[in-house]
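Student:
Residue numbers (the working numbering): 57 to 371.
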């Protein structure tokens, strides 16, 4: 056997062992249905891995405990008294708190107003910051990229998983608050913060809509955390940096001298969800909030993609 024939034979054997087509023979493209099945499996595996981690379960447990503590504190403070209906007041937490003793459904709005400035973003920052950096730190990122997913689709899968956690975390707070509110306080028709009456069914629908808006308000945080996660191979460093940036932005949003830049901070319109409890609903700040979150998602999502696709994967 000649030298050329020997090299060709060895090339075919090596390709066969690796599951690759023989040298010089193009690999046939995978059917679209097979690619879709693979990406669906990748997303399911990522969701399963994320939601069965003790860290994720601990975060959800803490979030579920916040409405319980708020409900018990209000119950102890007010006793069994259910004073006259106080329907006025401005938006945000204080107006919702004043209504909790009259209607337990307001505990949902109070809990979301209490957790949105810090607890929910912190939980999202932990999950998003660990998305890429955690895989690199554990030495599994190269293994994931060996699969025919590609860096772009892997990044999208990580972001989709983080957004799923945003929704689940928000619903955990809302469901916990609704349960506690039903156990400790009366339920029924409720008074909006504009002073008008709506039915309990309509109020429940608005509570669900508010939960969706709160989850959407975390889109920018998720993109920021994902970008930070592509900058380092340390999951702890990425999580700490993301949470630190969240605290910094919250502080900047409270300094009066910085009013010129505050409308551009992703946390500025977070509490605009209170406008959904007005009659009629005020949409201006709600729309600004969603547009701002979309802008942050586009900017930091693009930055994460640019960084991750050009990054040398060593772990």
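A virtual CB, placed ideally from N, CA and C, is assigned to each residue, including glycine.
Measure the C-alpha to C-alpha separation of residue 125 and residue 207 and round it to an integer number of angstroms.
Tutor: So the two alpha carbons sit approximately 42 Å from each other.
Student: Going along the chain, which residues of its own chain have a beta-carbon closer than 6 Å to the beta-carbon of residue 326, five neighbours each way excluded?
Tutor: Around residue 326: 172 and 273.
Student: From residue 109 to residue 309, what distance separates their C-alpha atoms?
Tutor: Approximately 33 Å, taken between the alpha carbons.
Student: Between residue 323 and residue 168, what straight-line distance do the alpha-carbon atoms span, to the nearest angstrom?
Tutor: C-alpha separation (whole angstroms): 14 Å.
Student: In the DSSP assignment, what are the bridge partners of residue 180?
Tutor: DSSP lists no partner for residue 180.
Student: Comparing alpha-carbon positions, which option in 346, 156 and 122 lies nearest residue 269?
Tutor: Comparing Cα-Cα distances from residue 269 to each of 346, 156 and 122, the minimum goes to 346.
Student: DSSP three-state call for residue 196: helix, strand or coil?
Tutor: In this structure, residue 196 counts as coil in the three-state DSSP scheme.
Student: Distance, Cα to Cα, residue 358 vs residue 285?
Tutor: Computed Cα separation, rounded: 13 Å.
Student: Could you tell me the distance, in whole angstroms, from the CA atom of residue 181 to the CA atom of residue 247?
Tutor: Answer to the nearest angstrom: the Cα atoms are 35 Å apart.
Student: Just to confirm, is the Cβ distance from residue 163 to residue 259 under 8 Å?
Tutor: No, they are not a contact pair.
Student: Is it buried or exposed for residue 313, if we count other Cβ within 10 angstroms and need 16 for buried?
Tutor: Counting Cβ neighbours within 10 Å, residue 313 comes out exposed, since fewer than 16 surround it.
Student: When DSSP labels each residue in this structure, what does residue 188 get in the three-state scheme?
Tutor: Note: residue 188 maps to helix in three-state DSSP.
Student: What residues in its chain sit with their C-beta under 8 Å from that of residue 224, if we drop five residues either side in the sequence?
Tutor: Within the same chain, residue 224 has close Cβ partners 107 and 116.
Student: Return the chain-ordered list of same chain residues with a C-beta closer than 6 Å to the C-beta of residue 271, the five sequence neighbours on each side being excluded.
Tutor: Contacts found: 222, 223 and 226.
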